[in-house]
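Here the structure is laid out as structure tokens; the discussion comes afterwards.
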Amino acid sequence: MSGIVRALGWDHEEQQRFIAIPPLGDEVVLYETSDDPETLTRVTAHSGFENIQCSAYARNDVGKTGVGQINGVVCIFDLCDPKRSIIRLKPKQSRQCNSLSFNINGLLATGFDKGRQDNSLQIWDVNKSDSNEKEFRPLHTYVPNEAILSTIFFSDSDSTLISGSYKFLRQFDLRNDQPSFQIATKCTLGLTPDLLQPHYFSSYGDDGSVAVWDRRRLTSHGMKHKSLSTTMVSESPVLQFPKLLSDGSRKTSPCLRYSPVRSGEFSSVFSGNLIRRWHTGVAPQSKDTASQARRLSSGARSSVSTLKHQAAQLYKPNMDSLFVSFVLDVKTDYERVISFDYSPHHDLPSSIYFACMRQSGSVFRMSSRECIDGLSFNSYNEITIAGSEGSATHFYEPVVQVKPGKRKKHGTFDPPSDIHGNRRLSASESDLDSESDSEATSDDDAAWEPTQQGTTMGSVLSINEILDFDICSIIRKRAIAGYGLDPETNVDVLATLGGIDKQHFLRNTWRWLTLAHKSLTKGTMISQGLDLGYQGVLGIWNGAQDLRGQRRYAGEVDETVFASAVKAIVAGKGKKTSGISIASNSEKRVQRKLCLIISGWYLADDELDDKLDDLVELGQYEKAAGWAVFHGKVNRAVEILASSKKERLRLVSTAVAGYLAYKDINVNSPWKDQCRRMASEMDNPYLRAIFAFVADSDWSDVLDENSLPLRERLGVALRYLSDKDLTIYLNRIADYVVARGELEGLILTGLTPRGIELLQSYVNRTNDVQTAALISSFSVPRYFVDIRADHWLDCYRSLLNSWGMYSTRARFDVGRTRLSKSQDNKILVAAAPKQVYLQCLKCNKNLGSVGAGAEMGKNKDAALLHFNQRRRGDDNVCPHCRSPLPRCAVCLLTLGTPVPVDLSQKPAENDIRARNQARFRDWFSFCMSCNHGAHAVHAEEWFSKHYVCPVPDCSCRCNSK
7 MSGIVRALGW DHEEQQRFIA IPPLGDEVVL YETSDDPETL TRVTAHSGFE NIQCSAYARN
67 DVGKTGVGQI NGVVCIFDLC DPKRSIIRLK PKQSRQCNSL SFNINGLLAT GFDKGRQDNS
127 LQIWDVNKSD SNEKEFRPLH TYVPNEAILS TIFFSDSDST LISGSYKFLR QFDLRNDQPS
187 FQIATKCTLG LTPDLLQPHY FSSYGDDGSV AVWDRRRLTS HGMKHKSLST TMVSESPVLQ
247 FPKLLSDGSR KTSPCLRYSP VRSGEFSSVF SGNLIRRWHT GVAPQSKDTA SQARRLSSGA
307 RSSVSTLKHQ AAQLYKPNMD SLFVSFVLDV KTDYERVISF DYSPHHDLPS SIYFACMRQS
367 GSVFRMSSRE CIDGLSFNSY NEITIAGSEG SATHFYEPVV QVKPGKRKKH GTFDPPSDIH
427 GNRRLSASES DLDSESDSEA TSDDDAAWEP TQQGTTMGSV LSINEILDFD ICSIIRKRAI
487 AGYGLDPETN VDVLATLGGI DKQHFLRNTW RWLTLAHKSL TKGTMISQGL DLGYQGVLGI
547 WNGAQDLRGQ RRYAGEVDET VFASAVKAIV AGKGKKTSGI SIASNSEKRV QRKLCLIISG
607 WYLADDELDD KLDDLVELGQ YEKAAGWAVF HGKVNRAVEI LASSKKERLR LVSTAVAGYL
667 AYKDINVNSP WKDQCRRMAS EMDNPYLRAI FAFVADSDWS DVLDENSLPL RERLGVALRY
727 LSDKDLTIYL NRIADYVVAR GELEGLILTG LTPRGIELLQ SYVNRTNDVQ TAALISSFSV
787 PRYFVDIRAD HWLDCYRSLL NSWGMYSTRA RFDVGRTRLS KSQDNKILVA AAPKQVYLQC
847 LKCNKNLGSV GAGAEMGKNK DAALLHFNQR RRGDDNVCPH CRSPLPRCAV CLLTLGTPVP
907 VDLSQKPAEN DIRARNQARF RDWFSFCMSC NHGAHAVHAE EWFSKHYVCP VPDCSCRCNS
967 K
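Residue numbers (my numbering): 7 to 967.
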């Protein structure tokens, strides 16, 4: 049988050796690796054989090789020394030799075809190489009247071997005459032991099926029935692959090899150009399930317990289970490969090479590109890859690209000076009734304008470009730029950051939150004890039923309380709300007005004219005309389009002007047909909406124009739809935006439990836990509690901590605590307990509290008295035992005593920053290793010039810990 196999134990220094038998079967060749990793060097050869059928080598005796021929003669020779004599072993009857195997003591097992008066499995002692061939007789013989197709000795035992016949696998112990066990199976060919786990071995059948066996199970099963006359066991293989190696065009025997470096890996060659590698893993036994099965078998069983016991016995939970973890395919360098074996790299043992033999008999060595063993991302988007050749880390540092504009203190930015909607809202605009979209006059339609930062089709991004768009990098850039719980600042941050961070839907969401937050701060959304802060259009429209389960009212909210509060809030907006045009047949006129206020889509006539003029100045004629139509001013829309310098828009104005002539005619006309066609062919969504309306005087087509901002569509629906149609439309749009996770839908859902569902969909789509945590903090836990918001909060805080942005995380915690204050001034976020405190060396008590510290927190008078006592100069003694505090290691003054300061350096009363720095000078500073302390200013001065602790005879490097 032709093939190539690595001769384990025969390596010469760093050179690996391989035994190869060409397809002609007339010689045995010894190869070894060379300096060239892709070639094998021919060392020596032994020829003169006739049709070799099998071969074997002795791992403990370099050079000893055996071959079995078709005539039954077994030749034992020294492949490394051709001059030595050959030992020939012959069975009593001449028949084909099918298998050879050496054990660790030099015994040779031979498997022959069926013979009438001779056993087929014979064990020979070939250690005496100088003996006459006539003196050789088998030491043991087994299995009469049955052909032995394969046999192997195991490396962990010198007396145990397994043989395979046509129908049975048998294990023999050379110390006994009978087999230890036998098992009926069709997979009896190609017995191959696992080199790293000797208790596993594999075999295959004529149809290509492969079975992996566990000798421990077979042996233990055979020992249980040792007293019986038969040793037949019914144990199944731990892994079985039906017809895995089947190939109709195969003319040679299958080649299956176990890896000598990777535990549980075996491979085979397919179609002459593919080596497939199976990686297996072991699932450990379940002790709990096994003990449960034993308990069930010991007592009386009910019908349910009997089924559990049967299941436990069926799946063998008390045994290890083998499974395939993954499969790899390796393309060979040349075609028509018939055999191969592993050839590990001598410097990198886990780096795999293969020594291959082609159908022509030529051999070559090829490398295999290994998959990585592990991949790890950290919060900095640094990638660490671990593989067979070591590990590598790609370091990535995102660059915050800030547009021109100086960074302000406290995380704010100077706004750009253009009029494109990036100005900050002034204090007078802190209410929802101030024109809600002074900023958004041009940003809303930027979504359909071509971007200058796009990537061309077919371009290849570098790894830094890919990571720059990863959400982890985006979150970090935003956090560095000041993205937090200030909605106004967030709008500026998103505008200042370029690229993907300037997402207009996100900026519009924060604009709405800015107006909603300022309205709540001014108290205009709280009336008669009912808090409607951060409520969306849908919640206001549905009434009291949407407020259930939220902390917005001291008692139970009913429709009477809700209607009264809504009426008072709308009345508080002044005369401006009286000019809002609403369908006269509506039973919820006041709620419609409040919904328009919340959406920011209500303007007085003069304010609307100013807005339209601003849009015209910016060259956005289509949007200005659309806004005019949405407010029922078609005449103004015609004037706006006619004033454009673009001939196309002037022609559109002529077409729109036909509405004034046909609006009262219900009969279809060619003009209406052309308008309907234009409504589907126009590129600009505002022009499509205009033609859709003028064609049929129906707002349904306008409301279905998803390219329009949601806020504008809500404004149209609130003005013109009937109560029934409006309810259906709002619920349909709410379901849509919640399912898709569109943040602009918060205008509709509000920061309510339904809004949290929308944020969850947004996180599922984008993984942006930063935005979800920030937005949800405005309503959780002030109005309700949701575990999803808590999870986003923990994730975001963990990210900030991993980046070392502790001050940002602290500001986030403080801001969230401030937002959690209810209308009765109760803080709903529990303050984090102190984790560090000073302990007296004498009494081991906390220096920051007195004996009745728990009561002091509840009694303001006691706290004030304690503060005044500490101000009298008692800061340098323990408040419990009155023992003096340790001394400063530099100035030797008792800690707690103010550091003397020159009067000329004393900070001014109004210089708060300088006074805080002066207070820091007196703070305690302790080394956690040697426990020596000093004033903070003295410790800073000392360690700027020294490395060792200032206390004599102390060699601690305090500042290096």
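For each residue, glycine too, the CB sits at the ideal point set by N, CA and C.
Beta carbon of residue i nearer than 8 Å to that of residue j
i, j, result
"S161", "L180", "no"
"F370", "T45", "yes"
"L114", "L106", "yes"
"V34", "S8", "no"
"C261", "V275", "yes"
"T390", "S331", "no"
"R12", "D347", "yes"
"Q102", "I76", "yes"
"F118", "N104", "yes"
"L754", "L736", "yes"
"L752", "W516", "no"
"L500", "Q509", "yes"
Exposure of residue i, with buried meaning 16 or more beta-carbon neighbours within 10 Å
i, result
"N937", "exposed"
"F636", "buried"
"Q575", "The sequence shown places Ile at residue 575, not Gln. Burial call: buried."
"E718", "buried"
"E623", "exposed"
"L870", "Its pLDDT being 45, under 50, L870 is placed unreliably by the model, and nothing is read from it."
"C887", "exposed"
"A26", "buried"
"S265", "buried"
"E19", "exposed"
"L780", "buried"
"E56", "exposed"
"D774", "buried"
"R725", "buried"
"G15", "exposed"
"A433", "Here A433 scores only 30 on pLDDT, less than 50, and its place in the model should not be relied on; the value that follows carries that caveat. A433 is exposed by the Cβ-count criterion."
Extent of the continuous beta strand (DSSP E) run through residue i
i, result
"G721", "That residue, G721, is in no beta strand (DSSP E); its alpha helix (DSSP H) goes 716 to 726."
"M688", "Run containing M688: none; DSSP gives neither H nor E here."
"S335", "The question names Ser, but residue 335 is Asp in the sequence shown. Note, D335: beta strand (DSSP E), 327 to 337."
"A392", "389 to 393"
"Y148", "146 to 148"
"C601", "Not the beta strand (DSSP E): C601 falls in the alpha helix (DSSP H), residues 595 to 605."
Continuous alpha helix (DSSP H) stretch holding residue i: start and end
i, result
"W130", "No alpha helix (DSSP H) contains W130, which is instead part of the beta strand (DSSP E) from 127 to 131."
"A574", "565 to 577"
"T45", "Looking at the DSSP string, T45 is not in any alpha helix (DSSP H), and its letter there is neither H nor E."
Reduced DSSP category for residue i - H, G, I as helix; E, B as strand; rest coil
i, result
"T39", "strand"
"S208", "strand"
"P676", "helix"
"N104", "strand"
"N635", "It is worth fixing the name first, because residue 635 is Val in this sequence and not Asn. V635: helix per DSSP, three-state reduction."
"E494", "helix"
"Y627", "helix"
"A361", "strand"
"K70", "strand"
"S525", "helix"
"N109", "coil"
"Q291", "coil"
"I472", "helix"
"P88", "coil"
Neighbour flag for residue i against chain C, beta carbons, 8 Å
i, result
"V743", "The structure shown contains no chain C, having only a single protein chain."
Count Cβ pairs between the stretch 183 to 196 and the stretch 166 to 173 that sit closer than 8 Å; are there 3 or more? yes
Is the stretch 694 to 711 touching the stretch 589 to 607 in the sense that three or more CB pairs, one from each, lie closer than 8 Å? Of all C-beta pairs linking the stretch 589 to 607 to the stretch 694 to 711, fewer than three are shorter than 8 Å, placing the two stretches out of contact.
Within 8 Å, do at least three Cβ pairs link the stretch 549 to 557 to the stretch 787 to 800? yes
If you pair each beta-carbon of the stretch 804 to 821 with each one of the stretch 383 to 393, do three or more pairs fall below 8 Å? Flag = yes, the stretch 804 to 821 and the stretch 383 to 393 touch.
Given 8 Å, three or more beta-carbon pairs between the stretch 950 to 964 and the stretch 919 to 930: no
Is there contact between the stretch 730 to 746 and the stretch 632 to 647, where contact requires at least three CB pairs shorter than 8 Å? no
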